[in-house]
Each structure stands twice: as C-alpha cells, then as structure tokens.
Amino acid sequence: ILQHDYMSDPHDRAVDAPAAVESSDPVERERESIRLWAAEGYERDMEQDLSTLEKGVARFMDLKYVMPKADMVAMLDCMLRGILTSGIDLGLRSKLARSCVRICRKRQIDTLPFGMPWQRMLELLWEVHVECATGGAYVGRDVRDAHCRNMLALLRKCRNFLAEGDSAEAIWSKLGARIRPNDADCAFEPLLVLIHVLPTRGKAWNGWIPRAAELWRRIEFSSDWDSSWMGLFARVAKHQPNVVDMSPYLSLVYERISSSFRLPLGSAAPQTPVERRCPAQLVFLLTNKITVCSAVFCVYALSPARPLAMEYLRKLINLVFNFFHPSNGGKWSSYLASFLGHFTAYLATRVATERAATRAGVTGRIIGSNCV
C-alpha cells in the first residue's frame, strides 16, 4: 500500500490475473479455473485500504509505539496522497488528516524529504466549505465540522514543512498583496489564509511586519480583523524573540488588546461601535481567539533588553484592575477572565522553559520543548 499510487483513478486498479497453468489432473484444473476467476474479479478498494492504514497508524499512536522515522515518513506520504485524491469520502479524509497531524507532532519529524502541499489542501477546503454555498452534495454537519477541524490543523502544520519555493517572503508576496481593507472579501480572505500558512519559526523572513502593522491600522472596531493580526504578531513574538523588536508596534497592539475587552471607556461607553465582520463563507477559517493571542503576545514580548514592553503591560494591568471587582462586572468580565487565565498559563510555561534551559547550560532564550 505504501508503494501504490493513489493519485490515479481508483476504478482502474484491477489485480493482474496470473497466467494459466496446464495440468492433466481434472481436479487441479478446476481449482486453477476458480483461482483465475477470483483473481480476475478482484478489484482493490482504495478507500478500504486507506481506512485500514489509518486505523493501524492511530492504534500505534494510541499505544505510544515508537516507529522509525522512515516508516512514519512513508505512512505520512501515503496518507497525504489519499487526502489529495479527489472524490474521496470526507469522513475518511478527516481521519487521515488527523493521523497526519499526529505524525507531524512527533519529535523525530523535524524535516521531511518533500514539501507539504498546502495550496492543494486549501483548494480542497474551498471546494467543501466555500463553493458548497452555491450548490453541492449534501454532507452531514458532524462530518463537515470534523473535516474542517482536522484539515485546518493539517494546513497549519504545513508551514513547518514547506517546499523550498514556499518561503515566508514568497507566501507574503502572493497573499499579502491581495489584502485590501476597503473590500470585505479582499480584506479577510487572504489574511485568513496567511494566519494558517505563514511560517514564523527559526530564521523565517519577517520583513512583512511593517506592512502588516500598516494594514492592521486601517480597520477599527473589528474583532475578527484584530484577532487574525494578533495571532500573527503573537507567533512572531514567541518564535523569534531575539530577532524582531516589537517596540515600534506596542502602541498599536496594546490599543487593540484594550479595545477587545469591551470595557466601558471613552467613546465606547455610551454606544458600542458597529463592528466589521468577516464574510459568512469564511468564518470557518477563524481559529484565533483574541484573548489567547493577546496573552501570548504580552508574555513573550517581555524582554530585559526592551523595557518598553513591561511599561505597556503595567498600563494595561492598571486599566483593567478595577474591573475585576465583583461590583464592576459586566459583558467584559468573560474577556478579562479568559485573558488572565491564559496569561498566567503562558507565563508559567515560559518561566519553566527558561529555567530548564538554564539548568541545561543554554544562555539564550529557548522557545519550544524540542530545543531543551
């Protein structure tokens, strides 16, 4: 099954019948004819084979079985071929995507001999979740939700295993130039794709940040717009802490963080401004929660070399301090509670990671458990 090409038509996979063998025994000739008839009538069912493979991989994963890297790469390649096959059952594709994500999370899979086909996966997502609005085959809600969830998780994993030509600069040049804040579709569609596929780890190109900050400022009072950009800036602050200086963008980021809490302050107190929402057909791409992304940015933007981040964080704490009192509760209380919970969780994680790095003799900031 690992050597079989699943990109071809599944109905053209009949097993070749073995050549007939002459025998003088009538019983043997009868057996031979039955064997030939069975061989000629057998056709390999691609979806059944892929389902069996996925169940086996999932079982090995559940049992914490240590598989060689070469075997995991081969199974990943085979399941990706099944995912990209047009017309495959959506439930099976969802399960294959889930198993692929579990393989990509393994520490042994630091590199792949092939690039992840993120553009083809995006086309499949568009086919199932966007183009279906104008007419398409009926798909159950549970199957559609699972397909969306697992395929988006696999799409996010693609940014860690891109092909040589799919660099951060190339992806931004292709998608970033299409962001036009004056048009809702042209503003959100390329942005929502960017938050999933734009790489930020290691030495990824970060020259897109000044232009991104400029685009971010052009739309106000849009939680969908703010959460998308906040997710990108939070990932950069976490993955490239010593490379990117966030000081020029702290005023913009903390302004959007404070507005996301829905506090009754300033012009927002008497009347809530009209928000600009993401188009309904693209809502499935919204996976970032602004309170989570804000907490990540506030934690990982802190650095002794850049004290301005601590000053902005102190101002934010002073701003929301009174609203934690029970008598000052309101619609903003859930946002503040979510932010505080995630902030303390990420802060504890960063402290534990850096202490482990110190014990290991690493003087620089270490991001990610694979580096310690």
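Take 3 as the starting number for the sequence shown in our numbering and just add one per residue. For every residue, glycine included, the Cβ atom is placed at its ideal position computed from N, Cα and C.
In the DSSP assignment, what are the bridge partners of residue i?
i: Arg308; result: Ser305
With residue i as the anchor, note down where its alpha helix (DSSP H) starts and where it stops.
i: Ala350; result: Ser335 to Arg361
i: Asp79; result: Lys71 to Leu86
i: Val285; result: Per DSSP, Val285 belongs to no alpha helix (DSSP H) and is neither H nor E.
i: Leu98; result: Leu92 to Cys106
i: Phe375; result: Outside the modelled stretch of the chain, which goes from 3 to 374, sits residue 375, for which no answer is possible.
i: Glu257; result: Leu252 to Ser262
Since residue i contacts residue j with CB under 8 Å, what's their CB separation in whole angstroms?
i: Leu157; j: Trp120; result: 6 Å
i: Ser101; j: Ala60; result: 6 Å
i: Ala186; j: Pro281; result: 6 Å
i: Ile105; j: Arg95; result: Rounded, the Cβ-Cβ distance is 16 Å, inconsistent with contact.
i: Phe286; j: Cys150; result: 5 Å
i: Met153; j: Leu193; result: At roughly 19 Å, the Cβ-Cβ gap does not stay under 8 Å, so Met153 and Leu193 are not in contact.
i: Phe326; j: Ala297; result: Phe326 to Ala297, Cβ: 15 Å. No contact.
i: Asp247; j: Arg308; result: 7 Å
i: Leu288; j: Asp226; result: 6 Å
i: Leu98; j: Met81; result: 5 Å
i: Phe345; j: Leu284; result: Actually they do not touch by this definition, with Cβ atoms about 29 Å apart.
i: Ile211; j: Val245; result: That pair is no contact at about 11 Å.
Verify the contact flag: residue i, CB atom, against every heavy atom of the ligand ZN, threshold strictly below 7 Å.
i: Leu126; result: For the ligand ZN, the structure offers nothing, since it holds no ligand at all.
Legend entry - Ordered list of beta strand (DSSP E) runs contained in the region 108–150, each at least 3 residues: Runs of the beta strand (DSSP E) inside the region 108–150: none found.
Inset, instruction - Count the C-beta pairs between the region 298–314 and the region 141–152 that are closer than 8 Å, then say yes if the count reaches three, no if not. - result: no
Inset, instruction - Would you mind listing the alpha helix (DSSP H) stretches within the region 171–242 that are 4+ residues and don't spill past its ends, in chain order? - result: 186–199, 211–219 and 225–241
Legend entry - the region 191–200 touching the region 246–262, judged by at least three CB pairs closer than 8 Å: no
Legend entry - Three-pair Cβ contact test at 8 Å for the region 74–83 versus the region 109–129: yes
Inset, instruction - Please determine if the region 243–253 and the region 158–167 are in contact, where contact requires at least 3 C-beta pairs separated by less than 8 Å. - result: no
Legend entry - Stretch pair the region 172–191 + the region 201–217: three plus CB contacts closer than 8 Å: yes
Inset, instruction - Report yes or no: do the region 220–236 and the region 313–332 share at least 3 C-beta pairs separated by less than 8 Å? - result: Touching, no, given that fewer than three Cβ pairs across the two stretches are closer than 8 Å.
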